[in-house]
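J.: Protein sequences appear in the order of chains A and B.
Going letter by letter, the first sequence gives residues 19 to 130 in this note's numbering.
Going letter by letter, the second sequence gives residues -2 to 112 in this note's numbering.
Even glycine gets a Cβ: it sits at the ideal position worked out from N, Cα and C.
On a predicted model such as this, the values are computed, not experimentally measured, just so you know.
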Amino acid sequence: QQPVQSPQAVILREGEDAVINCSSSKALYSVHWYRQKHGEAPIFLMILLKGGEQKGHDKISASFNEKKQQSSLYLTASQLSYSGTYFCGTEMDQGSARQLTFGSGTQLTVLP
Amino acid sequence: EAGVAQSPRYKIIEKRQSVAFWCNPISGHATLYWYQQILGQGPKLLIQFQNNGVVDDSQLPKDRFSAERLKGVDSTLKIQPAKLEDSAVYLCASSLLFDSQETQYFGPGTRLLVL
Chain A
19 QQPVQSPQAV
29 ILREGEDAVI
39 NCSSSKALYS
49 VHWYRQKHGE
59 APIFLMILLK
69 GGEQKGHDKI
79 SASFNEKKQQ
89 SSLYLTASQL
99 SYSGTYFCGT
109 EMDQGSARQL
119 TFGSGTQLTV
129 LP
Chain B
-2 EAGVAQSPRY
8 KIIEKRQSVA
18 FWCNPISGHA
28 TLYWYQQILG
38 QGPKLLIQFQ
48 NNGVVDDSQL
58 PKDRFSAERL
68 KGVDSTLKIQ
78 PAKLEDSAVY
88 LCASSLLFDS
98 QETQYFGPGT
108 RLLVL
């Protein structure tokens, strides 16, 4: 079951904040966040586990709401380097395959 | 630490031809994944290996796609014969262990264009 990401695209000015959401209709065990720049490999940002705490480093943080089966990625005081497509990969709370299903991505553009 | 290596980086073929992609995971990583990423979409898992055994290949179109991971290290993904809809970036990823908390590290991908 593919997670739904919103918004599909967002344009910011340097220094502004953004929130990207990732929702699932199924119970999740973990959510993995990646950023991909055009023509490059996805780069890992962070993992959130069921029952875990909000995580973050520098000005990027994320949370996982188990009641809503939704994760949110928070980008604070965005920098030009934050531009790219953000993907969430979700792992279902069942089975043992340890597989990720990725959303369609949120394209983030940070303008000077 | 060297990252995940993939080759070739680009490939252009005509439909009905065959093509093969190669992946060398990060040293010591037991789990290897092949993903297909169509333009504008997220990566879609094709096959997952744990050492040299297949964990899941339920989304691999087995009538034309095959993959192997001999000796539990390098892996190859083959398409034979290729169709126009196979045009995509093929990403290889690896992780140290078979665990939810393990990060998947992606290679640069092979961009395939089928004409």
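For Lys77 (chain A), tell me which candidate among A:Tyr104, A:Tyr100 and A:Cys40 has the shortest Cα-Cα distance.
T.: Of the candidates A:Tyr104, A:Tyr100 and A:Cys40, A:Tyr100 places its Cα closest to the Cα of Lys77 (chain A).
J.: Quick one: what's got a C-beta closer than 7 Å to Gln88 (chain A)'s C-beta in the same chain, skipping five residues either side?
T.: Asn39, Cys40 and Ser41
J.: Which term fits Gly69 (chain A), buried or exposed, when burial requires 16 or more other beta carbons within 10 angstroms of its beta carbon?
T.: So Gly69 (chain A) counts as exposed.
J.: If the criterion is Cβ atoms closer than 9 Å, does the pair Val113 (chain B) and Cys20 (chain B) meet it?
T.: The first residue shown for chain B is -2 and the last is 112, placing residue 113 (chain B) beyond what the model contains.
J.: Candidates A:Thr124, A:Pro130, A:Ile61 and A:Val128: which alpha carbon is nearest Gln26 (chain A)'s?
T.: Closest option to Gln26 (chain A), Cα to Cα, is A:Thr124.
J.: Could one say the Cβ of Leu91 (chain A) lies closer than 9 Å to chain B's Cβ atoms, at least one of them?
T.: no
J.: Am I right that Ala64 (chain B) and Ser55 (chain B) are in contact with their C-beta atoms under 8 Å? What's the rounded C-beta distance?
T.: Actually they do not touch by this definition, with Cβ atoms about 13 Å apart.
J.: According to DSSP, is Leu74 (chain B) part of a helix, a strand, or is it coil?
T.: strand
J.: What would DSSP say about Gly50 (chain B), mapped onto helix, strand or coil?
T.: strand
J.: Any heavy atom of the ligand ADP inside 8 Å of the beta-carbon of Phe18 (chain B)?
T.: This structure lacks the ligand ADP; in fact it carries no ligand of any kind.
J.: Have a look at Ser15 (chain B) and Leu91 (chain A) and give me their C-alpha separation to the nearest angstrom.
T.: The straight-line gap from Cα to Cα measures roughly 41 Å.
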